[in-house]
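Protein chains in written order, with my numbering: chain A, 1 to 386; chain B, 1001 to 1420. For each residue, glycine too, the CB sits at the ideal point set by N, CA and C. What follows is one structure encoded as structure tokens, with my remarks underneath.
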Amino acid sequence: MASRPAAFPRLEVPTDFGFTEEHGLLRQEARRFLGERLPMPELRKRADAGIGFDRALWKELAELGWVGLVLPESVGGAGLGWLHLEILLEEMGRRLVPGPFLGSLLAGVAILEGGSEAQRAALAPGIASGDVVATLAPTEPGGVFEAGGVTATAEPVEGGWVLRGQKTHVLCGADADLVVAPFREPSGAVALFAVALPTAGVAAEPEVSIDPTRPMARIGFDGARVGAAARLGGADPEGAWHRTLVRGFAALAAESVGGAESVLLLTRDYAIARKQFDRPIGFFQAVKHPIVDMMCGIELARSLAAGAAAVLDATPEAAEPLARMAKAQASDVYAQSVRKGVQLHGGYGFTWDCDVHFYFRRAMWSRAMLGDAIHHRRALAGQLFG
Amino acid sequence: VSARTDETESREDADFRRDVRAWIASEKPAHPGFKLPQSFLEVESERQFEFLRAWQRKVYDAGYLGLDWPAEYGGRGDPHKRQRIVSQEIARAGAPFLVNVIGLQWAGPTILAFGSEEQKRRYLKPILSCEEIWCQGFSEPGAGSDLASLTTTAEVAGEGWVVTGHKVWTTLAHFASWMILLARTGPAPEPEGQALAALRAHKYAGISYFLFPMDAPGVTVQPLVKMTGEGGFNQVIFDRAPMPRSALLGQLGQGWQIAMTTLTFERGAAEGTGGGQASPAESSIRSVVDLARRVRREGRPAADDPVIRDRAAQLWIDEEALRLTGQRARVAGLNMDDRPLATRLMNKLVYSELGQRLTEFACEVLGPDAALWLGDPCAPDKAEWPRAYLNSFGVTIGGGTSEIQRNIIGERVLGLPKTK
């Protein structure tokens, strides 16, 4: 048809990308452990009691090597790749694992990407071991989280910095020992700060989360004074923030794929078990076809999430478009899956007793965090049209 | 399609790709000046056909076709990915498609899988060289989605068979030397007075698969006009048309099983086709982006319209997701350990629906000019976009409709109760 524009963005994915035997073992291990440790009745118990964070469970995940999965061995991590993490997050999403995993993961990434050698050595081991519960505070009122929109400020003072501004929807923000967040310096550049909690002038106030397994807090920095060492001192702070976010897109995409997979299986099983008009309702194409569309959407989103992970392992500087695509698609597919999932469970689907609403809540949460499809498509369109 | 070239390939494959690309760049025929078909579904005239046949012949003579077919049958015995590289480069260069699609992609691989040694030696090489064109006689006026209810018969007569019946949607029949033909060789099903299960078994068991010579007496090929107004599409009527005993492929009564294999190739769910396969959706978002830069809406480039940009970005995501799913499907089983068939069986559904959404979107980008049709001197891109959108229904309907694909996936992959 028409000639191709010269500047069409290139997406580089290794030809042989895919999961190996070793990845399969991690999947099996994660599926077995989570199936035993967090079956649905256990998750319900926690949700009903409002326990979104549990230090004992956190320690267990750390001992399995999951909390430090992609952190280097030199700081006590497992030194594995993003494709491993993609699998682990899919499995965690399937079981709606509560707690600060994503916050801790991304705080660790931010420290690796943005910290000096000394800061990495000082901060990362505690995160990997699970002794320090870290989280990331990317979002500000107004929905801003990418570097260009950061309004919280860091002002240099004798021996340190004064931080001002609001961060919202901070995962496990009221329980964390360490929070990493971007602040704008007087020069206009964005820098990352790792702030130990509690600190005078920093107030973490719990929010009411739509997802009881994902507690959040708004954290106010009201002229909080932090030492010079709190500022992550790597070479390119704004780049580090961007790289952290890109990994966040990929991570949340993988977790969303796992959640949508659970909804698919619940709905499929219900469509086989539930009989109306003397037949399993899955016989009827008005039920069967939406379930198939759900599966196709999930497989497509899984390919993007795995592709983004493969690129993060091979050529991380090229990962941004795929990570955005994965987040956009996985958010939408998860949202579509829970929408159809509730609907196809009929009257039962509308009850608290039916498990689907827990996924519904998680899907709503996951779409809202780190940019929904509308946000990422806008960024992608900028690359597509130049 | 350049996304494929972005894959990190082995040095040998990358060299091969470079050679293929250079060869196509220098040998790709100039536009002949008359309207060319968009796909093999609308080859109408002799001159269109001869132009396309000459191109396929040239590709074959250069050694770029049948790469993964055995050398004794005219191929080269190379790994499948080599053929894929050629197909990708043909699509990428915007070179003409390879016209013997049914031979290369459906009949050929089926003959390789089920044919006798004699049949393989007889039929495969002329498919590659485009000396013999193939068409497909599966659907009938009363047997579409419910293909197994077909009623065309092949009766034993003398040393061979005679065929009586009516086939429809027979693309390329007017140029074809051969047809892959499904006909009933057992007694016709009797809908009344039989247990349903017995009827079903009966229905499938009575079907055989033939390689039918189109020059037989008693064969009438009549053109059908597509919704685009174009031909290239036919119905074929058989009035005691004879074929030799050797026309049978596989065993008597094995036709349904073999037909399912053909459909697996047709839907892109299996590898091993002779080449020339290019998913229509693979490269198209680039063209639509280019279009949006050229077209103006409300006095500004369509490329500046935030709604257009948003929808284009979604289609880019969809294209990449489909491409990566294809890539993932080619890697070992662990990628699909929960659902080994999923990524292959969903291919036809996803790419055909995506191609339709994409071409419809291009028409929307055109704004008022989307109302211009082939032949209007001011139509953007010679009205190829509206034409492509109308033609996209050939893909979402042919080879098993999207609805049938959803049944197949729901039943075979997800274990949902059978509809039929």
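Spatial distance of residue i from residue j (CA atoms)
i: E158/A; j: A224/A; result: 14 Å
i: A232/A; j: L57/A; result: Note on identity: in this sequence residue 232/A is Leu, with Ala being the wrong assignment. Each residue's alpha carbon lies about 29 Å from the other.
i: A154/A; j: K167/A; result: 13 Å
i: E1044/B; j: G1231/B; result: 5 Å
i: G1398/B; j: A30/A; result: 43 Å
i: G99/A; j: T199/A; result: 22 Å
i: Y1351/B; j: T151/A; result: 44 Å
i: I272/A; j: G297/A; result: 21 Å
i: D332/A; j: R268/A; result: 19 Å
i: S1177/B; j: W1069/B; result: 21 Å
i: F360/A; j: L80/A; result: 31 Å
i: V1225/B; j: G1206/B; result: 32 Å
i: T1343/B; j: P39/A; result: 29 Å
i: A204/A; j: A305/A; result: 32 Å
i: R1082/B; j: P321/A; result: 28 Å
i: W1055/B; j: A1062/B; result: 11 Å
i: A1107/B; j: Q1251/B; result: 16 Å
i: R1412/B; j: V292/A; result: 11 Å
i: I51/A; j: T213/A; result: 7 Å
i: E36/A; j: F193/A; result: 38 Å
i: V1163/B; j: H376/A; result: 58 Å
i: F350/A; j: P215/A; result: 23 Å
Status (buried if at least 16 other CB within 10 Å, exposed otherwise) for residue i
i: L1414/B; result: buried
i: H1031/B; result: exposed
i: E1050/B; result: exposed
i: K1472/B; result: The structure shown does not extend to residue 1472/B, since chain B is modelled only from 1001 to 1420, so the question has no answer here.
i: S1026/B; result: exposed
i: F1265/B; result: buried
i: F1361/B; result: buried
i: E1131/B; result: exposed
i: L25/A; result: exposed
i: C172/A; result: buried
i: E1012/B; result: exposed
is_contact[residue i, chain B] using C-beta, thresh 9 Å
i: G282/A; result: yes
i: A381/A; result: yes
i: E299/A; result: yes
i: M92/A; result: no
i: Q329/A; result: yes
i: A373/A; result: yes
i: K340/A; result: no
i: K288/A; result: yes
i: V292/A; result: yes
i: V257/A; result: no
i: L34/A; result: no
i: L89/A; result: no
Residue i at chain A interface by Cβ criterion, 9 Å
i: T1419/B; result: yes
i: V1289/B; result: yes
i: G1415/B; result: yes
i: N1407/B; result: yes
i: W1106/B; result: no
i: V1365/B; result: no
i: Q1088/B; result: no
i: W1316/B; result: yes
i: D1310/B; result: yes
i: P1213/B; result: no
i: L1374/B; result: no
i: I1285/B; result: yes
i: Q1056/B; result: no
i: Q1235/B; result: no
Proximal chain C residues relative to residue i, where beta-carbon distance stays under 9 Å
i: V1020/B; result: Checking the listed chains, one finds no chain C in this structure; the protein chains it contains are A and B.
Identified DSSP bridge partners for residue i
i: N1234/B; result: P1223/B
i: S1208/B; result: A1183/B
i: F221/A; result: G165/A and V202/A
i: E140/A; result: V144/A
i: Q1016/B; result: According to the sequence as given, residue 1016/B is Phe; it is not Gln. Answer by DSSP bridge pairing: none, since F1016/B is not bridged.
i: F193/A; result: A181/A and R231/A
i: A154/A; result: L163/A
i: V1156/B; result: W1161/B
i: V226/A; result: W161/A
How about the stretch 1308-1325 of chain B and the stretch 274-284 of chain A: do they share at least three Cβ pairs that are nearer than 8 Å? These segments do not touch.
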